[in-house]
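Enquirer:
Residue numbers (the numbering used here), protein chains in the order written: chain V, 92 to 307; chain Y, 227 to 1006.
(1) Counting Cβ pairs closer than 8 Å, one from the region 483-495 of chain Y and one from the region 455-470 of chain Y, do we hit at least three?
(2) What does residue 136 of chain V reach in chain Y if we use C-beta pairs closer than 8 Å?
(3) From which residue to which residue does the alpha helix (DSSP H) around residue 706 of chain Y run?
(4) Taking residue 533 of chain Y as the reference, give the member of Y:568, Y:442, Y:611 and Y:920 with the closest Cα.
(5) If residue 919 of chain Y and residue 895 of chain Y are in contact, beta carbons under 8 Å, what's the gap, nearest whole angstrom?
(6) Looking at C-beta atoms only, is the number of pairs between the region 595-614 of chain Y and the region 572-586 of chain Y that lie closer than 8 Å three or more?
(7) Confirm, please, whether the CB-CB distance from residue 570 of chain Y to residue 515 of chain Y is below 8 Å.
(8) With 8 Å as the threshold, decide whether the Cβ of residue 188 of chain V is near any Cβ in chain Y.
(9) Please look up how many angstroms separate the CB atoms of residue 897 of chain Y and residue 954 of chain Y, rounded, as I've assumed it's under 8 Å.
(10) Please list the residues of the region 839-858 of chain Y that have a C-beta atom closer than 7 Å to any C-beta atom in chain A, keeping them in chain order.
(11) For residue 311 of chain Y, name the three-state secondary structure that DSSP assigns.
(12) Please name the residue in Y:388, Y:348, Y:360 and Y:581 whose C-alpha comes closest to that of residue 367 of chain Y.
(13) Would you say residue 270 of chain V faces chain Y, with C-beta separation under 8 Å as the test?
(14) So, residue 651 of chain Y versus residue 689 of chain Y, is the Cβ gap smaller than 8 Å?
(15) Considering residue 494 of chain Y, what are the terminal residues of the beta strand (DSSP E) in which it resides?
(16) Determine which residues of the region 332-343 of chain Y have a Cβ less than 8 Å from any Cβ of chain V, and write them out in chain order.
(17) Apply the 10 Å Cβ neighbour rule to residue 258 of chain V and answer buried if 16 or more other Cβ atoms are within range, or exposed otherwise.
(18) Please state the DSSP three-state secondary structure of residue 102 of chain V.
(19) Quick one: what's got a C-beta closer than 7 Å to residue 1004 of chain Y's C-beta in the same chain, skipping five residues either side?
(20) Using a Cβ cut-off of 8 Å (strictly closer), state whether residue 906 of chain Y contacts chain V.
(21) Could you tell me whether any Cβ in chain V is nearer than 8 Å to the Cβ of residue 861 of chain Y?
(22) Between which two residues does the alpha helix (DSSP H) containing residue 437 of chain Y stretch?
(23) Would you please state the rounded distance, in angstroms, between the beta carbons of residue 190 of chain Y and residue 810 of chain Y? I believe it to be under 8 Å.
(24) Under a three-way DSSP split, which group does residue 258 of chain V fall into?
(25) Please report how far the alpha carbon of residue 799 of chain Y lies from the alpha carbon of residue 823 of chain Y, in whole angstroms.
(26) Short check: CB of residue 417 of chain Y to CB of residue 448 of chain Y, under 8 Å?
(27) Provide the residue span of the alpha helix (DSSP H) that contains residue 848 of chain Y, from first to last.
(28) Would you call the region 596-610 of chain Y and the region 664-674 of chain Y touching, i.e. three or more CB-CB distances under 8 Å?
(29) Does DSSP classify residue 792 of chain Y as helix, strand or coil?
(30) In angstroms with no decimal places, state the Cα-to-Cα distance between residue 209 of chain V and residue 280 of chain V.
(31) Based on the DSSP secondary-structure assignment, which residues constitute the bridge partners of residue 141 of chain V?
(32) Under 9 Å Cβ-Cβ, which residues of chain V neighbour residue 324 of chain Y?
(33) What is the DSSP secondary structure of residue 995 of chain Y, counted as helix, strand or coil?
(34) The region 175-209 of chain V: which residues have C-beta closer than 8 Å to a C-beta of chain Y, in chain order?
(35) For residue 811 of chain Y, which of helix, strand or coil comes out of DSSP?
(36) Reducing DSSP to helix, strand and coil, say where residue 280 of chain V ends up.
Listed below in structure tokens is the structure:
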């Protein structure tokens, strides 16, 4: 598991080719990052039930259109929690005091790394359900899936086992963390989130203007 | 020594009995206490000597949402547990788990709020007649500290503490077993160990490490292996679990039980397998250790204490203290860490500075930027206590002396917080002239420390250096005293060495020679400036000669490839023809600083800023906006500019004009703690000459308003990353705009848009460069 350097460079605003020195710095830091930090994830499948208009994951209501649309074909969904952990936050804080420029690069690499860890978790989930199809993963804050769902997701998947907490303002701590839902369906699932066709800024996107994509 | 059996999992048993995932199990004490009693009873019958009441998450934060009080739930839970013990000798522990919210600096919960929440739980447990307190599943050493301090301050019950470690051998927050053991032992826990996270076999290396670092009984309460995510089933059978636990007992563990996935079957099987064993013999040596969560420094050779965090004779440092410039102090710490210091002395005593406020503030700041253990250097008992209270780990205190009044004032504080302490060999009568008298005082301090329940390993004796040009015979007395304190009392020795050379030419040579002689006499903890290379070189050589540097590896690594002489190094000259502007643009910190120093000989500071520094930053800023340069390059240039400002500040500290423009407040709003964006804005703006009052993160509106009024600030920058913290941003804007003479406000952060800012009557700061433009338009 390692962060995608190009993705991290894109987070830093690089379009097209990055300066060689910046790429070299990112690669060196990525190496240190993978040596020092092991992302942790935990996932838990729960049954989906539909009563009237309400969609329930286990005993937890999933309000809104987004969840209903994403999970339309599913009888089960997985809660996935993933974090780089508190040691990353401490490191980033220390690096900010020493070298803010390097810290900005590490910050971007951390974002790419936690996404890579989610991808690895999805592979693991897929391997446990070889006959099922996974939906795109989506998180509280996506569409109309409310952020205040966060504490319930954390409790149901036992976030504390990976050292993940949630503040009263529904911020996840440690900072490089992802909580997501992934539906399990028995027929192939169309991409609903990933790709330019589903992106709300596709008309103004600077990457598309430059003839490329953000690769998400 | 007889083994003590704890219980197994409660949560696992409750889930089997039908508890829904995500439901708060603590409420069962009120809704179904019989179910709890049944589970507890099964553990008592399986052989548990101690059962944990169902109070793991019974803290105010979790219960308040459900409309119940801590007292109510704890009382019911302990009653249910007590009932299960009827007719047996089994004891009931108040179970204290993590609060579910991260403490500062990882999160926003202040240390004292955590102590307060734990204290409420402890008092409820005492009231309900718990037999002991079991703090468990901690991953943050500072939270474990808060819980243990609350337990000690609010009860006389025995306290056992277990933390959860990962396969890396550290907790989630990077705490090592050695640090955990050193700190909890010092704070007065009655037994310590591990619980949860992994199975017994994976935790064995961690247990061995803890066993080596404490004289206390050690606890193992691991999981039944690892869970399967699909069905939640743990992979060890009771027999496998007991087999692996037998190894832990053979290693010396004397308190055993189970955590997630275990059941009464596991405890019964464990009883059968290890009940007849005697815990393995432990060779316990009391080591001299100071630590932070991630780094334990064992004094088993020469360890360097950095002396630079001290205002004495340092104008720039004094200015930083008076201006509350913690970043400068943090920088001094980082330089010493990079130069090889093992421990940092922290002295903030200066006229006009309230040490009781400043010392804890500086301790918190330093613990954010460095892993090095700290030595709190003050004569003010209140300041020492305030500093020790917030310090995470095991600190040292500098100092006590042979004066009985000082000893009775300071030693109880040192003991309470489990610190080490420096004892100066002087007393109310002054500094004795002979080695004999100094050893006598050292002995007196040792007796006092022992009488306060301290270990000799935690007393470090300073035999004191006098200036050799004034009192030549005293150098021998100091060296003799060191040698005798080591051999006769077996204590660690501390010595500030640089005073030796006052008034002499070639001071570095005298100081280095004295250091070498003192180390030969038995000095283990020299206090010096680690940035002086020749002193650190001498220590590197000493480590070879005394055998500590095995195979001369560190020595070779330090010196390989460097020419032997001359000893005086000349600074490398910057590349020919490089201008200050070019050095800044390319982010070359050292070159920029050197060129600025040269330039200041002929150019006034303000001209340097206006005509060289700012145009260079503007150039990088333009490239950034045009997509020719990127954020890290913008920041590298800002850091080079910062180095130039450092040079200017150094010059201005001795009096002179100011190059500062206007004041700007920046803050991340209440509830939000993502602050790298705000920190980037701070760095870039301050290098344009603006005086930045950075109020930090998670800042309440009132604090921002108060600072804006007090400092008469004309521009306030607010940052928010999440939609859930936008209301806090709006509230802050509202309060600021209600002022008689409201400041301009700029808003930034991931969720802020131009329209959003405009609707609130604020400016939109897209990035750091845009913030500078806004400041220019308002402050010039």
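The beta carbon of each residue, even a glycine, is placed where N, CA and C say it ideally should be.
Expert: Taking the coordinates as given:
(1) Touching, yes, given that three or more Cβ pairs across the two stretches are closer than 8 Å.
(2) In chain order: 455 and 456.
(3) 700-710
(4) Y:568
(5) 15 Å between Cβ atoms; not a contact.
(6) yes
(7) In this structure, residue 570 of chain Y does not lie closer than 8 Å to residue 515 of chain Y by Cβ.
(8) yes
(9) 5 Å
(10) Protein chains V and Y are contained in the structure displayed, whereas chain A is not.
(11) coil
(12) Answer by Cα proximity: Y:388.
(13) no
(14) yes
(15) Unbroken run through residue 494 of chain Y is the alpha helix (DSSP H), 490-500; no beta strand (DSSP E).
(16) 332, 333 and 334
(17) buried
(18) helix
(19) 940, 941 and 970
(20) Under the Cβ distance rule, residue 906 of chain Y counts among the residues neighbouring chain V, one pair being separated by less than 8 Å.
(21) yes
(22) If you look at residue 437 of chain Y, you'll find it in the alpha helix (DSSP H) that goes 426-438.
(23) Residue numbering for chain Y in the displayed model covers 227 to 1006; residue 190 of chain Y lies beyond these limits and cannot be assessed.
(24) Residue state, collapsed to three classes: coil.
(25) In this prediction, residue 799 of chain Y has a pLDDT of 49, which is less than 50 and means its spatial position is unreliable; nothing more can be read from the coordinates.
(26) no
(27) In this chain, the alpha helix (DSSP H) harbouring residue 848 of chain Y covers 840-851.
(28) no
(29) Because residue 792 of chain Y sits at a pLDDT of 46, beneath the cut-off of 50, its placement in the model cannot be relied upon, and the following sentence gives the value as read from the coordinates. Residue 792 of chain Y falls in the coil class under three-state DSSP.
(30) Straight-line Cα distance between these residues: approximately 18 Å.
(31) V:146
(32) 251 and 256
(33) helix
(34) 176, 177, 178, 180, 181, 183, 184, 185, 187, 188, 189, 190, 191, 192, 193, 194, 195, 196 and 198
(35) helix
(36) coil
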